[in-house]
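Student: In my numbering, the protein residues as written are 152 to 948. Heads up, the beta-carbon is just placed ideally off N, CA and C, and yes, glycines get one too. Note that the coordinates shown come from a computational prediction; the quantities given were computed from them, not determined experimentally.
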């Protein structure tokens with residue numbers, strides 16, 4: 152395929168991603184810096200003026216009292232934020248935020264070391280050993296007849312491996328960087344476990360004292376029998392038992408009531424809103440404030456004074472002005488197939504509907520619902536609950552299974568009475584649907600990987616392509632920046648789909664839902680975006696080769712050559728991607744561009760006081776949306792850490808994690824609220840994904856050595872891969888239990904610890920004397936104060 156000048160358009164073997172064109176990377180830097188600087192300066196200007204948005208968590212949440220007040224100066228807030236310690240993060244944001252920021256710090260340590268070696272050793276070696284001008288030359292029709300696919304062992308010279316001694320560098324750094332990242336994983340895990348055990352061992356929350364008991368047989372589904380079974384184990388005294396029941400009918404009525412209540416509020420707001428307050432002894436029978444009168448103008452002061460005298464209620468206490476505005480109407484559909492309707496008074500209609508629903512709910516709350524095989528059992532101490540959770544309670548399989556309980560506010564009560572069979576069916580159905588989506592994303596990535604370039608545009612829109620060819624900057628934007636932007640938008644939009652799917656799986660707690668979102672989104676970013684995108688990065692070359700050598704590409708060597716070559720060709724694309732994420736999008740997140748954009752839209756639709764109250768709530772921080780991409784970028788940095796021009800990706804990756812740590816630190820502490828409660832369990836998920844990245848890094852280096860026909864050196868990496876797999880197994884066996892449970896010794900050792908206690912206790916609980924000895928609370932204790940394991944449908948007014 153040729154362009155308008157007769158030049159051959161790039162194929163998969165050429166530099167379609169800008170790896171060898173510094174102009175493209177410079178343009179990406181200019182664009183990202185322009186976006187980032189504008190967003191950062193806008194944030195610095197708006198932060199002291201819109202504290203309801205940029206300090207929403209600090210302003211509305213007394214759990215953030217351990218944090219210092221940030222100065223209102225344009226840049227004066229940066230240093231105080233930077234000086235906030237890890238203990239303050241733990242006190243005000245909890246274990247999940249502490250663990251999340253710890254991953255950024257671990258990534259920064261790794262990238263600092265690897266960047267040092269990349270600049271001092273790897274780059275000089277690569278600069279002195281240049282690649283051939285065309286490592287994967289395009290084979291024309293004349294010499295294609297002489298192409299033979301034969302063993303690479305016989306194709307190379309006898310002394311080939313001994314003439315390329317610098318390839319030992321790949322082997323040395325493969326072992327060095329593997330040992331470094333595994334050491335960092337172990338050291339950070341030990342530190343997090345120590346902090347977690349002290350933090351959880353020193354607090355007494357209803358969550359820590361509660362057992363989630365599942366698999367209850369039908370003959371034991373009563374509060375009395377469950378209490379008797381647990382107390383017969385002699386592990387402690389049971390304080391309360393909440394046996395879940397099939398509350399679906401009641402939950403449906405409550406949901407219907409909420410919808411009717413909102414409509415009634417809206418009807419009253421439409422009727423009373425946007426009109427002057429008028430006096431009526433019927434509305435406020437005791438004391439009425441003076442209503443807002445007209446603004447004092449430039450007119451006669453005597454007129455203004457007489458106006459106030461006329462409006463004085465002392466003149467006539469029974470004075471009132473009847474409402475003259477037309478009452479809102481509602482359409483009521485009736486008849487066969489609901490094809491006919493009539494207009495009725497909306498306020499009367501919804502008030503009557505609400506009254507009937509309240510009567511139904513009162514009756515349903517007295518009804519004895521069918522018990523479910525799930526119960527929440529609160530013990531008298533954390534030690535008793537931990538002994539039950541870490542033990543096997545019943546000799547029968549899948550019966551009386553004790554697990555850690557989620558926080559009362561995290562329980563998804565509509566899933567507690569969902570049968571196990573339906574829950575499993577949902578899980579397998581959604582898993583199958585994710586498989587279908589995987590194929591769909593692969594098809595969707597084809598135009599991003601192959602069609603977003605000027606040569607493809609020549610085939611479809613030749614006029615547009617000719618206009619682009621006359622400007623080098625526009626060519627760069629289309630060939631390299633447009634695929635980066637398209638991939639970024641895809642990574643932003645897809646997590647919402649997986650978030651919805653995770654909420655449909657029937658999980659018991661919001662914490663489990665968030666961990667599922669992390670897992671699903673990481674699968675998308677790693678498999679579809681990273682792995683499949685790498686394959687599609689050579690799609691143009693593969694298709695071109697397949698057209699001419701269908702019969703000869705059936706061997707694995709030809710395909711492996713194309714795949715190994717793809718890592719080099721996509722280095723420029725991933726550099727641009729990380730630059731855009733770090734320098735462009737992180738400042739936009741700090742500015743909360745999404746909230747700023749949606750606020751005017753939501754404000755237009757807001758009518759009731761409830762709507763306006765929801766507008767000023769702190770934005771929700773979801774790890775499932777941010778963590779998968781962070782893991783992917785760290786894996787990309789590892790994979791490219793030893794390859795040619797690795798310093799570019801390592802440098803941009805280091806900047807990404809430094810900026811990301813700063814931005815997320817501000818959001819988690821001051822601006823955004825994290826409602827889920829997983830006590831740092833996401834750390835093991837992060838480390839498992841990093842270990843997968845380590846293995847991919849090793850296989851990549853082995854593939855690069857094999858690509859250069861250094862097969863003996865490539866084979867030496869095999870023990871490293873096996874050692875990493877063994878490490879993954881031992882790591883999970885050793886550290887996973889300590890990230891799931893609270894050690895019994897930690898409950899005794901941390902009894903007098905003040906770790907994480909940065910919130911002043913407002914009310915001392917008489918039920919727990921131990922809490923009366925401590926004047927400050929942890930975040931979890933403050934969050935769960937006064938909560939009980941009761942369905943909101945039973946307790947809400």
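Among 772, 894 and 665, which has the Cα closest to the Cα of residue 653?
Tutor: As a first step, residue 653 must be located in the chain shown, where it is residue number 502. The candidate whose alpha carbon is nearest that of residue 653 is 665.
Student: If residue 241 sits next to residue 350, beta carbons under 8 Å apart, how far is it from one beta carbon to the other, in whole angstroms?
Tutor: Counting from 1 along the chain shown, the entry for residue 241 is found at position 90. Counting from 1 along the chain shown, the entry for residue 350 is found at position 199. At roughly 7 Å, the Cβ-Cβ gap stays under 8 Å, so residue 241 and residue 350 are in contact.
Student: Can you give me the Cβ contacts of residue 226 inside the same chain, cut-off strictly under 7 Å, excluding the 5 residues immediately before and after it?
Tutor: Taking the first residue of the chain shown as 1, we reach residue 226 at position 75. Result list for residue 226: 195, in chain order.
Student: Just to confirm, is the Cβ distance from residue 322 to residue 264 under 8 Å?
Tutor: Counting from one through the chain shown, the residue named residue 322 turns up at place 171. Counting from one through the chain shown, the residue named residue 264 turns up at place 113. Contact: no.
Student: From what residue to what residue does the alpha helix (DSSP H) around residue 482 run?
Tutor: Indexing the chain shown from 1 puts residue 482 at position 331. Not the alpha helix (DSSP H): residue 482 falls in the beta strand (DSSP E), residues 480-485.
Student: Would you decide whether residue 944 is buried or exposed? Buried here means 16 or more other CB atoms lie within 10 Å of its CB.
Tutor: As a first step, residue 944 is located in the chain shown; it is residue number 793 there, counting from the start. By the neighbour-count rule (16 or more Cβ atoms within 10 Å), residue 944 is buried.
Student: Grab the span of the alpha helix (DSSP H) containing residue 839 for me, first residue to last.
Tutor: The sequence position of residue 839 within the chain shown is 688, counting from 1. Run containing residue 839: 833-858, per the alpha helix (DSSP H) assignment.
Student: Would you tell me roughly how many angstroms separate the C-alpha atoms of residue 815 and residue 825, rounded to the nearest one?
Tutor: Within the chain shown, numbered from 1, the residue matching residue 815 stands at position 664. Within the chain shown, numbered from 1, the residue matching residue 825 stands at position 674. If I take the Cα positions, the gap works out to 12 Å.
Student: Is it the case that the Cβ atoms of residue 526 and residue 393 are separated by a distance below 8 Å?
Tutor: Here residue 526 corresponds to residue number 375 of the chain shown, with the count starting at 1. Here residue 393 corresponds to residue number 242 of the chain shown, with the count starting at 1. The answer is yes: Cβ separation under 8 Å.
Student: Three or more C-beta pairs closer than 8 Å, one from the region 635-648 and one from the region 751-761: is that the case here?
Tutor: no
Student: Once you ignore the five residues that flank residue 538 on each side, which residues in its own chain have a CB closer than 8 Å to its CB?
Tutor: Position 387 of the chain shown, counted from the first residue, corresponds to residue 538. Closer than 8 Å at the Cβ level, and outside the excluded window around residue 538, lie 386, 387 and 895.
Student: Quick one: using the 10 Å Cβ neighbour count with 16 as the cut-off for buried, is residue 230 buried or exposed?
Tutor: The residue given as residue 230 occupies position 79 in the chain shown. Residue 230 should be labelled exposed.
Student: Any contact between the region 369-387 and the region 269-282? By contact I mean 3 or more CB pairs, one from each, below 8 Å.
Tutor: Below 8 Å, too few C-beta pairs join the region 369-387 and the region 269-282 to call them touching: fewer than three.
Student: With three or more C-beta pairs closer than 8 Å as the rule, is the region 932-939 touching the region 554-562?
Tutor: They touch, by the three-pair rule.
Student: Would DSSP call residue 873 helix, strand or coil?
Tutor: Residue 873 sits at position 722 when you count from the first residue of the chain shown. The answer is helix: DSSP assigns residue 873 an H, G or I state.
Student: Tell me residue 362's beta-bridge partners as DSSP assigns them.
Tutor: Taking the first residue of the chain shown as 1, we reach residue 362 at position 211. Answer is 528 and 555, bridged to residue 362.
Student: Thinking just about the alpha-carbon of each residue, which of 637, 553 and 791 is nearest to the one in residue 364?
Tutor: As a first step, residue 364 must be located in the chain shown, where it is residue number 213. Cα-wise, what sits closest to residue 364 is 553.
Student: Would you decide whether residue 819 is buried or exposed? Buried here means 16 or more other CB atoms lie within 10 Å of its CB.
Tutor: If you number the chain shown from 1, residue 819 lands on position 668. Burial call: buried.
Student: Taking residue 739 as the reference, give the member of 178, 179 and 190 with the closest Cα.
Tutor: In the chain shown, the residue the question calls residue 739 occupies position 588. Comparing Cα positions, the closest option is 190.
Student: Skipping 5 residues on each side, what residues in its chain have a beta carbon closer than 7 Å to that of residue 765?
Tutor: Residue 765 sits at position 614 when you count from the first residue of the chain shown. Cβ within range, chain order: n/a, list empty.
Student: The beta strand (DSSP E) with residue 496 in it runs from where to where?
Tutor: Mapped onto the chain shown, residue 496 falls at position 345. Unbroken beta strand (DSSP E) run through residue 496: 491-496.
Student: Just mark residue 519 as buried or exposed, buried being the case when its beta carbon has 16 or more other beta carbons within 10 Å.
Tutor: By one-based count along the chain shown, residue 519 stands at place 368. Residue 519 is exposed by the Cβ-count criterion.
Student: Which first and last residues belong to the alpha helix (DSSP H) in which residue 797 is found?
Tutor: As a first step, residue 797 is located in the chain shown; it is residue number 646 there, counting from the start. From DSSP, the alpha helix (DSSP H) with residue 797 extends over 797-817.
Student: Using the beta-carbon count (16 or more within 10 Å), is residue 406 buried or exposed?
Tutor: If you number the chain shown from 1, residue 406 lands on position 255. An exposed status is given to residue 406, since fewer than 16 other beta-carbon atoms sit within 10 Å of its beta-carbon.
Student: Please state the DSSP three-state secondary structure of residue 935.
Tutor: What you label residue 935 is simply residue 784 of the chain shown in a count that begins at 1. Here residue 935 sits in coil by DSSP.
Student: Using DSSP with H/G/I as helix, E/B as strand and the rest coil, what is residue 227?
Tutor: For the purposes of this step, residue 227 is taken as residue 76 along the chain shown, with counting starting at 1. Of the three classes helix, strand and coil, the one that applies to residue 227 here is coil, per DSSP.
Student: Which stretch, first to last residue, makes up the alpha helix (DSSP H) that contains residue 421?
Tutor: Looking up residue 421 in the chain shown gives position 270. Unbroken alpha helix (DSSP H) run through residue 421: 399-423.
Student: Apart from the five residues just before and just after residue 577, which ones in its own chain have a Cβ nearer than 6 Å to its Cβ?
Tutor: Stepping through the chain shown from its first residue, residue 577 is reached at position 426. Excluding positions up to five away in sequence, the list reads 656 and 657.
Student: Using the C-alpha atoms, what's the distance from residue 779 back to residue 669?
Tutor: Within the chain shown, numbered from 1, the residue matching residue 669 stands at position 518. Within the chain shown, numbered from 1, the residue matching residue 779 stands at position 628. Their backbone Cα atoms lie some 6 Å apart in a straight line.
Student: By alpha-carbon positions, which one of 246, 547 and 233 ends up nearest to residue 662?
Tutor: The count along the chain shown starts at 1 and reaches residue 662 at position 511. Relative to residue 662, the option among 246, 547 and 233 whose CA is nearest is 246.
Student: Going by the DSSP bridge assignment, what does residue 394 pair with across the sheet?
Tutor: Taking the chain shown and counting its residues from 1, the one referred to as residue 394 is at position 243. 526.
Student: Only counting the same chain, and skipping five residues up and downstream in sequence, which positions put a Cβ closer than 7 Å to that of residue 917?
Tutor: Working through the chain shown from its first residue, we reach residue 917 at position 766. Caution applies to residue 917, whose pLDDT of 42 falls short of 50 and renders its modelled position unreliable; the value that the coordinates give is listed next. Once the five neighbours on either side are set aside, residue 917 has no close Cβ partner at all.
Student: Verify whether the separation of the beta carbon atoms of residue 719 and residue 318 is less than 8 Å.
Tutor: In the chain shown, the residue the question calls residue 719 occupies position 568. In the chain shown, the residue the question calls residue 318 occupies position 167. No, the pair does not count as a contact, with Cβ atoms beyond the cut-off.
Student: From which residue to which residue does the alpha helix (DSSP H) around residue 251 run?
Tutor: Along the chain shown, read from residue 1 onward, the residue named residue 251 stands at position 100. Here the alpha helix (DSSP H) through residue 251 covers 237-268.
Student: Can you name, in chain order, every residue of its own chain whose Cβ lies under 7 Å from the Cβ of residue 400, other than the five neighbours on each side?
Tutor: Stepping through the chain shown from its first residue, residue 400 is reached at position 249. Result list for residue 400: 515, in chain order.
Student: Would the region 407-423 count as touching the region 585-596 if we require 3 or more Cβ pairs under 8 Å?
Tutor: no
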